[in-house]
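One structure below.
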Amino acid sequence: MTENQKGFSSKNVSEVTVEAIRRGDITLDDVRIHPDTLAHQAQVAKANGNPQLAANFLRAAELTSLSDETVLGYYDALRPGRSTAQDLLNIANTLQAQGAKINAELFRQAADVYARRGLTAK
Amino acid sequence: MTTKEPIGRFRFMNEQRVNLDGFATPAPELGLVAFNGPNDPAPSLVITAGRITELDGRPESEFDSIDSFIAMHGIDLEVANEAMAINSLDFARRLVDPNISRLDIVRLASGMTPAKLAEVLSLLNAAELVIAMTKMRARRTPSNQAHVTNRSDDPLLLAADAATAAAFGFRELETTVPVAADAPSNAVAVSIGAAVGSPGVLVQCSVEESAELALGMRGLVSYAETVSLYGTEQIFTDGDDTPWSKAFLTSAYASRGIKMRVTSGGGSEALMGGAEKCSMFYLEARCVALARAIGSQGVQNGGIDSAAVAGAVPGGVRSLMAENVMVMLRNLEACTGNDALMSESDVRRTSRTHPIFIGGSDFINSGFGSIQRYDNMFGPSQWNSEDIDDFLAMQRDWGVDGGLRTADEEEVARLRRRATDAVTAVYSWLGLGDFNKAWADEAVDAAGSKDITSGDLMLPLTAARTIMDTNVTMLDVITALAENGFDLEAQRCLDMLKARVAGDYLQTSAIFDENMNVLSLVTDPNVYSGPGTGYQMTPERQQQVDTIRQQRSVADLLSEQQSFVNKNISELGIAEVSYDPRDVVIGVSPATGKDIWVTLSGLSVADVIGELLAGLEEEGCVGRIVRINDTLDLGMIGLTAARLSGSGVSVGLQAKGTALIHRRDLAPLANLELYSVAPTITRDLYRMMGINAGRHAKGATPEPVRNPYSDEAIEARYHTKVVSLVAIERMCVSSQPPQTLVVT
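Taken in sequence, the protein lines are chains A and B. For any residue, its number in our numbering is found by taking its place in the first sequence, counting from 1, and adding 149. Residue 198 in our numbering sits at position 199 of the second sequence, and the numbers go up by one each step.
Okay, structure coming up:
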């Protein structure tokens, strides 16, 4: 494990100790992965013959800045029959505006395919 | 129609456990066929202007959502034309050719369609699948996963069993719940237990997709697996997901630095009535292609909950293993099923697992039931706690690393106590609930939840609600552990959180070793290229596999015999030839009453001699005990004794209990009666032998006593002991003349 890695909060992981947790100085964001780290892992995945895993890590990097509730909500929106094509496009626009371009594209694809395959909200 | 009772041979066969299993006549229209369903397409791929416009016979306009996702994300267009042009038989042969590297194969497979890989893998026979698995799995070091659950979601028992599973070597623990709302409590209890058992054990709690992710976000579990894929759009939708929602979910896990793999398995679509006239294997090929397409690092497959469906049709068990190899071809982590019990027959379930055990996979079982069958809330596993010693013996038999190791009883007892202490402290400190000592004592000792009578069945639910309502995270659990003196466990739980920051365990096939090193496709790649290459056990690991707790040495046996020393057997001096016609010598082997005191049947040698003497006495003969020191051969012992005997008849006895009746005019290897199966000879039989020896001495021809035979594996039980006992006899052989013994 790399000891000079930074968490999502940018705190160095070496500062995350049992003692610091006990003092209440640590939040979950300190032990959450940083988007730069996911970008690095994407390179590793690609170098090891799995561009799809790399793509997943890059989508994930975009999602790091979203709250747990938002992520869970977007997941639910993609489940069958939950959203109209327009709902999905609206989320795509929101994501695009936040710089989450790859996820935005995923939602646009979903809007298209769901409409064609009857997977949108009735 | 009158039903005729079958003949005895068939009545007997019908009673065997294998006939509890369901066997289906193949019904391709229902998807009840392993390979080559009527609607399975021929492989095809058309790329037009950089996009896939036909996939396995289907034009883009007819793509369902699965086809669409695979076409958009799952096929490497740079190699697709080259890969699809390769003859399938030629490619199948490459899978077993040690001179063609795994990397070459995964590069080409990434350009192949589902139907293409299904066609390739259907060409491998069982032995070839073993070689392909050995060569193609991603991680060099094999490993294993355990189920840790119980009927009452008892947190103390969960923690004790998690620590136990870790002690036996499992590197992933999967729990689930009979009561959905208990899940957070289970996640906490199993995480604590795992940390007690070993550093670096991954933990998951299998529940509904959103709930499972939420547990991961709080740090309460360290990986996810129950993210299900299906091979037809209808069943996928019935599962309340689409390829896009699953792709997003996959990224959601990665965004929190949490390892995940998806789950699929042949037969699930047929089981749910939506196979669309396709074979189980082709539909699974779609799932595996989709798993790669959505960016999952791995797949749990090999039937899983529908393994018994695949097992019911011809070739179905082979197709389950071929599913696993397909995952490996897609360069993904393979968690190879062998979880849901697919047969009532021990022979069939072993047969189903064995090739995978031999070939080695990232996780041999995607859930070895480390607990009792009745406590397994996934349903009984293919392998369960009663099979752990079998599995360890199989590892030792074949020199195979199946991921398990022998655990010392005292150490497991200590870990179980510590696990229950830790859970008690953490639950109390966080206000989740209070356990009493009687409950904890029962949990430490319990082989299963039925052994626990002091539990409070409402506690897990209350604890789980409190965890959710007060937003307990792994940081709180770590604090509670540290505040209560469980520093080691606090650090281990923290190390699992920190692993998320590094993200190295998000790579394909990642596990942690006990020093928190990540072993994965990246750090521990499988580079098998024939004998002497690929995974080799370290001397330490070999020692773990070889040393099971049941093994015994000659020294162990010698000291065991020493605990039965009988001071009432004493030596009187050199034995002479007798001329008394009533005299019958009982010739005993060199170690009798010297280093060996108990026979294989558990009788003391003094008791055996006592029965022989009593039998002789009943016939009016006088028995005389003589130790023959210069041979351990029973025939020679008997003959030597007969030559000292006044009647010319003797009984020969080896200390392990084997006995015969001999006469001085016979050849050494001839005899009048032989009791060869020492472990089954009872007091009554020795008495009978004494009587018969007396009758022979008087010139009569008694009816020989029959050796008792049973259906027990006598040789398996006793042959190792026989080797040691014979070795002890040999150590006692000397040129000393025959000695008279007395038993007082």
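Idealized CB from N, CA, C, for every residue including glycine.
| Query | Result |
| --- | --- |
| Quick check: is the beta carbon of Asn-205/A nearer than 8 angstroms to any beta carbon in chain B? | yes |
| Output, in chain order, the set of chain B residues within a Cβ distance shorter than 7 angstroms of Thr-243/A. | Chain B residues near Thr-243/A: none, gap ~14 angstroms exceeds 7 angstroms. |
| Can you pull the DSSP bridge partners for Ala-658/B? | Leu-652/B and Tyr-674/B |
| Please state if the CB of Ile-240/A and the CB of Thr-213/A are separated by a distance shorter than 8 angstroms. | no |
| Residues of chain A with CB closer than 7 angstroms to the CB of Ala-253/B, please, in chain order. | Leu-187, Asn-205, Phe-206 and Ala-209 |
| Measuring alpha carbon to alpha carbon, tell me which residue in Gly-637/B, Ser-646/B, Thr-469/B and Ser-305/B is nearest Thr-657/B. | Gly-637/B |
| Measure the CB-CB distance between Leu-270/B and Leu-221/A and report whether it falls below 8 angstroms. | no |
| Residues of the region 254-265 of chain A in Cβ contact with chain B at a cutoff of 9 angstroms, in chain order, please. | Leu-255, Phe-256, Gln-258, Ala-259, Asp-261, Val-262, Tyr-263 and Arg-265 |
| Cβ closer than 8 angstroms: which chain B residues qualify as neighbours of Gly-248/A? | Per Cβ cutoff of 8 angstroms: no residues; Gly-248/A is ~14 angstroms from chain B at best. |
| Among the residues of its own chain, which have a CB less than 7 angstroms from the CB of Gln-233/B, if the five just before and after it don't count? | Gly-273 |
| Please confirm if Ile-240/A has its CB atom under 8 angstroms from at least one CB of chain B. | no |
| Please report the distance separating the alpha-carbon of Pro-5/B from that of Leu-391/B. | 41 angstroms |
| Can you tell me which of Val-526/B, Leu-328/B, Arg-170/B and Pro-113/B puts its alpha carbon nearest to the alpha carbon of Gly-748/B? | Shown here, chain B extends from 0 to 743; a query on residue 748/B therefore has no answer. |
| Alpha carbon to alpha carbon, how far is Ser-453/B from Val-176/B? | 20 angstroms |
| Report the option in Ala-125/B, Ala-126/B, His-146/B and Pro-703/B whose CA atom is closest to the CA atom of Arg-372/B. | His-146/B |
| According to DSSP, which residues form a beta bridge with Leu-740/B? | Glu-570/B and Ile-624/B |
| Along the alpha helix (DSSP H) that carries Tyr-224/A, what are the first and last residues, could you check? | 217-227 |
| Take Val-78/B and list the residues in its own chain whose beta-carbon comes closer than 8 angstroms to its own, dropping the five residues that flank it on each side. | Arg-106, Leu-107, Ser-109 and Gly-110 |
| Closer than 7 angstroms between beta carbons: that is the criterion. Which residues of the region 252-274 of chain B meet it against chain A? | Ala-253, Ser-254, Arg-255 and Gly-256 |
| Can you list, in chain order, the residues of its chain with a C-beta nearer than 7 angstroms to that of Arg-729/B? Leave out the 5 residues immediately preceding and following it. | Leu-631 |
| Cα-Cα, which of Lys-655/B, Ile-680/B, Thr-679/B and Ala-641/B is closest to Leu-665/B? | Ala-641/B |
| With distances taken Cα to Cα, identify the nearest neighbour of Thr-522/B among Arg-138/B, Asp-75/B and Ser-305/B. | Arg-138/B |
| Residues in its own chain within less than 8 angstroms of Asn-323/B by CB, not counting five upstream and five downstream? | Met-132, Asn-300, Gly-301, Ala-333, Thr-335, Gly-336, Ile-355 and Ser-360 |
| Distance check for Tyr-263/A and Leu-156/B, CA to CA, integer angstroms please. | 46 angstroms |
| Determine whether the Cβ of Gly-447/B lies closer than 8 angstroms to any Cβ atom of chain A. | no |
| Taking C-beta to C-beta, are Thr-639/B and Pro-736/B nearer than 8 angstroms? | no |
| Which residue's Cα is closest to the Cα of Asn-691/B: Val-583/B, Ala-424/B, Pro-530/B and Leu-429/B? | Val-583/B |
| Taking Lys-276/B as part of the alpha helix (DSSP H), name the residues at either end of that continuous run. | It is not in any alpha helix (DSSP H) - Lys-276/B carries neither H nor E in the DSSP assignment. |
| How is Asp-433/B classed by DSSP in three states: helix, strand or coil? | coil |
| Chain A partners of Arg-106/B, CB-CB under 7 angstroms? | Gly-198 |
| Between the beta-carbon of Val-732/B and the beta-carbon of Ile-624/B, is there less than 8 angstroms? | no |
| Out of curiosity, what's the CA-to-CA distance linking Asn-124/B and Leu-520/B? | 26 angstroms |
| When you compare the CB positions of Leu-612/B and Gly-698/B, do they come within less than 8 angstroms of one another, or not? | no |
| Leaving out the 5 sequence neighbours to the left and right, which residues in its chain are closer than 7 angstroms to Arg-491/B when beta-carbon positions are compared? | Ala-194 and Pro-198 |
| Using only CA atoms, which one of Ser-646/B, Ser-569/B and Ala-462/B lies nearest to Ala-188/B? | Ala-462/B |
| Output, in sequence order along the chain, the residues in the region 505-523 of chain B whose CB is closer than 7 angstroms to any CB in chain A. | Leu-505, Gln-506, Thr-507, Met-515, Leu-520 and Val-521 |
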